[in-house]
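Trainee: Got a structure for you, written out below as structure tokens; questions coming shortly.
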Amino acid sequence: MDEQPLCTTVFAERYAQPGETSHAAVFHRVARALSLAEPPDLRAQCERAFFRNLRRGAIGAGRILANAGADTGGTMINCFVHPLAVPAGAAVPAVDAALAHALDDARLTLSMGGGIGYDFSPVPPADAYERRASSERGACAAIDRFDAMCRALPFTGPRRGAQMAVLRCDHPDLAAFVAAKRGRARWPTFNLSVGVTDAFMEAVERDRPWALVHHAPRRSGSATAPRQPDGRYLYATLPARTLWREIVSAARDSAEPGLLFLDTIHDANPLREHERIDATNPCGEQPLPPYGSCVLGPIDLSRFVLHPFGVDGKPHFDFATLVDAVRIQVRMLDNVLDLTAWPLATHEHEARRTRRIGVGVTGLGDALTMLRLRYDSVEARAVARGIVLTMREHAFAASAALAGERGVFPAYDPAAYLSGPAYRMRLPLKVHHAIARHGLRNSHLLSFAPAGSVSLAFCDNCSNGIEPAVGWTQRRMVRTADGRVRPFRVENHAYRLFRELHGDSVQLPDYFVTAADIAPADHVAMLAALQPCVDAGISKTVTMPGQCSLAQVDALLFQAWRDGLKGITVFRPDPRLAAVVTDDAAQPCDGAVCIRC
């Protein structure tokens, strides 16, 4: 099939270096660069293996494809989490100094191509200051500063800075944070998530009061904030359902904030005794500790379907080739950690401590369609889970083999990996034996990102990440290298392939379903089927009907928590909200947001 104009544009403007006019040229550059971490006698062999893997769909994330082997000065790491090291009870000068230091770290990291997530909960609330100064202080004012810094950076080309702001459910500025992006005018460089605890969700469920607290004493107003046994000051006590309604309403009306289920993230982390996680990267698939990062590498699952749509045989998934692709991908991503440029020494130290990597997927929705499975069916979820369990098994096996060859990651704790319930239940015995014998090279191995831009540039606009297709023909609003936002018409890969095989006159079978065709509960069910198999996280947006009620959103968010998800974001089509992608068959949306990978 001919390349689509948008795919060619995104490839040329985001990933190709001067003189590179084909995917193969980029893959040769990347494979050659990443083989340099190998011993000299293995480099040629590994370069060939990396190139073969890239060509068959095991691509790297955007920063690898753009910067590996290129003289760009950029990092090969897509995402980071930075701390805001505000001392508990700090005076104004100490708070300002901590934020200034964090701004400097963020400025350098963003300028080298990394997106950043932050937990703003350590920032004292607005009411921790005298009333005359409170409007310029607090968590929301701090986010203003980080947003302004990011927008002022001299980015070239279509890429822009991406950030995530997290605020805990017990922070006194929570209501202002939740309402901040109604209308989407504020904080354009940020995604928002509320970090919620099991205790908060239970308080909502049982209609209990909820305390808003902070380590900084309250100074605004006449009342003195009482100090709690844990040293924090009580600012207010509200019905938990009052705060919950504000979160649900904002999520329905503005698609933000999302939710991070902090206790679920903590309990699932094999390093929970050695690190604390309070935030994720900008897209939410990677919960990370302070200065944590993750090198990502999605695999296009649509490339592993044999006899798509039943042409010349029964469609089935090529598990044998996927196993080989996963094993090579683990080695390639581990090499990135030793070769990349790091914005900060603290990034490098943390990365070498854990050696997190994120083998991922894209094109899951297309692969299921090509297997003649409806995305929202029980059978599709079972097949998807089988694919991901296979990836998990062989990623851990490959990491154990690498540990035997190169050594374990420094923070390796055998008990966490050999005794933890998640690992005991979901890894075959032979993999446990390999881990017991060699240890692990990488603390975390799977992470499912949106993979939006690379799916356009290298995968013929396959369905992104684990998402179903947005539509079969779409209008995408894209910021091009000259800074203009241009509309492009683009077709979904599975749709194009079906038309190529069957012609334009054949009606689409009923297994062709888009995101809007799928009930919200079935979106969550796919997440729930896959999340237990993924040791990091999954980025997915749950599409809601345009006329959905607050009660429907409320029920869906509770379903996500009860199903053990690490986070959730909902989106309701609304012409008042900007949209990157619209289905040609749906009501078009005004405005534009550049695609970030």
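The numbering of the sequence shown is the numbering used here, which starts it at 472 and goes up by one. Cβ atoms here follow ideal geometry from the backbone N, Cα and C, with glycine treated the same way.
(1) Look at the alpha carbon of G729 and the alpha carbon of F1029, and state the distance between them as a whole number of angstroms.
(2) Put Y704 into one of helix, strand or coil per three-state DSSP.
(3) Hey, quick one: how far does the beta strand (DSSP E) through V833 stretch, first residue to last?
(4) By DSSP, does W715 sit in helix, in strand, or in coil?
(5) In whole angstroms, what is the alpha-carbon distance linking L959 and G531?
(6) Could you tell me how far apart the beta carbons of W681 and L714 are, in whole angstroms, since I believe they sit closer than 8 Å?
(7) Taking 8 Å as the threshold (C-beta atoms), are G857 and L917 in contact?
(8) How big is the Cα-Cα spacing for E484 and I535?
(9) Is A569 closer than 8 Å to C611 when the C-beta atoms are compared?
(10) For a test of the three-state rule: what should DSSP assign to I770, helix, strand or coil?
(11) Just list the residues that DSSP pairs D436 with in beta bridges.
(12) Using only the alpha-carbon positions, how far apart do L1027 and H499 sit?
(13) Could you give the distance in angstroms between the alpha-carbon of R970 and the alpha-carbon of I614?
(14) If you run the structure through DSSP and keep just helix, strand and coil, what is R527?
(15) Between which two residues does the alpha helix (DSSP H) carrying L808 extend?
(16) So, with DSSP's three-state summary, where would you put G1038?
(17) How many Å lie between G974 and C1004 at the Cα?
(18) Please give the ranges of any alpha helix (DSSP H) in the stretch 486-550, keeping only runs that are unbroken, at least 4 residues long and fully inside the region.
(19) Consult DSSP for G729 and reduce its assignment to one of helix, strand or coil.
(20) DSSP on P476, reduced to helix/strand/coil?
(21) On a Cα-Cα basis, can you pick out the residue from L638, T660, F648 that is closest to G632?
(22) Check the C-beta distance from R802 over to P881 and give it rounded, since I have them as a contact under 8 Å.
(23) Starting from R908, follow the alpha helix (DSSP H) in both directions and report where the run begins and ends.
(24) Let me make sure I understand the geometry here. Which of H745, P741, M841 has the alpha-carbon closest to that of D789?
(25) Quick check: what's the CA-CA separation for L898 versus A1022?
(26) Return the chain-ordered list of same chain residues with a C-beta closer than 8 Å to the C-beta of G784, the five sequence neighbours on each side being excluded.
(27) Spatial neighbours of A1031 within its chain, please: CB distance less than 6 Å, with the 5 preceding and 5 following residues excluded, ordered by chain position.
(28) Where G936 and D590 are concerned, what is the direct C-alpha to C-alpha distance, given to the nearest angstrom?
(29) How many Å lie between P814 and A1007 at the Cα?
(30) Check each candidate in L645, R716, A656 and name the one with the smallest Cα separation from A707.
(31) Can you have a look at A559 and say buried or exposed, based on whether 16 or more other CB atoms are within 10 angstroms of its CB?
(32) Quick one: what does DSSP say W658 is sitting in, helix, strand or coil?
(33) Check whether the Cβ atoms of S1069 and N963 sit closer than 8 Å, and answer yes or no.
(34) As an exercise, report each continuous alpha helix (DSSP H) stretch of at least 4 residues that is fully enclosed by the stretch 914-973, in chain order.
(35) Please list, in chain order, all residues of the same chain as C621 whose beta carbon is under 7 Å from its beta carbon, the five residues on each side excluded.
(36) For the stretch 558-625, list the beta strand (DSSP E) runs that are entirely contained and at least 3 residues long, ordered along the chain.
Mentor: Put simply:
(1) Rounded to the nearest angstrom, the two C-alpha atoms are 13 Å apart.
(2) Look at Y704 here: in three-state DSSP terms it is strand.
(3) The question names Val, yet the displayed sequence has Thr at residue 833. 828-833 is the span of the beta strand (DSSP E), which, as asked, contains T833.
(4) Residue state, collapsed to three classes: helix.
(5) The question names Leu, but residue 959 in the sequence shown is Phe. For F959 and G531, the distance between alpha carbons rounds to 25 Å.
(6) About 6 Å separates the two Cβ atoms, so the contact holds.
(7) For L917 and G857, no; Cβs fall outside 8 Å.
(8) Looking at the two C-alpha atoms, the distance is approximately 15 Å.
(9) No, the Cβ-Cβ distance between C611 and A569 is not below 8 Å.
(10) I770 sits in a strand when the DSSP states are folded into three classes.
(11) Only positions 472 to 1068 of the chain appear in the structure, and residue 436 is not among them; the question remains open.
(12) When rounded, the separation of the alpha-carbon atoms in L1027 and H499 is 45 Å.
(13) Rounded to whole angstroms, R970 to I614 spans 47 Å at the Cα level.
(14) In the structure shown, R527 sits in coil (DSSP, three-state: anything other than H, G, I, E or B).
(15) Where L808 is concerned, the enclosing alpha helix (DSSP H) stretches over 790-810.
(16) Looking at G1038 - three-state DSSP - the assignment turns out to be strand.
(17) Cα-Cα distance, rounded: 38 Å.
(18) Listed in chain order, the complete alpha helix (DSSP H) runs (minimum 4 residues) inside the stretch 486-550 are 494-505, 514-526, 533-538.
(19) Correct three-state label for G729: strand.
(20) In the three-state DSSP reduction, P476 falls in the helix class (H, G or I).
(21) Selected option, being the one with the closest Cα: T660.
(22) Not quite, the Cβ-Cβ distance comes to about 19 Å (not below 8 Å), so this is no contact.
(23) Element bounds for R908: 900-909.
(24) Minimum Cα-Cα distance from D789 among the listed residues H745, P741, M841 corresponds to M841.
(25) Each residue's alpha carbon lies about 38 Å from the other.
(26) Hits under 8 Å: L777, H778.
(27) Shown here for A1031: same chain residues with a beta carbon closer than 6 Å to its own, the five before and five after excluded, namely V995, I1039 in chain order.
(28) Roughly 25 Å between the two C-alpha positions.
(29) Roughly 23 Å separates the two Cα atoms.
(30) When L645, R716, A656 are compared, the shortest CA-CA separation from A707 is found for L645.
(31) Counting of Cβ neighbours within 10 angstroms places A559 among the exposed residues, the total staying below 16.
(32) Assignment of W658 by DSSP, reduced to helix, strand and coil, places it in the coil class.
(33) For residue 1069 there is no data in the structure shown, the boundaries of the chain being 472 and 1068.
(34) Whole alpha helix (DSSP H) segments, 4+ residues: 923-929, 964-973.
(35) Excluding five sequence positions before and after C621, the CB atoms of its chain that fall closer than 7 Å to its own CB belong to L581, G632, Q634, T660, given in chain order.
(36) Whole beta strand (DSSP E) segments, 3+ residues: 586-590.
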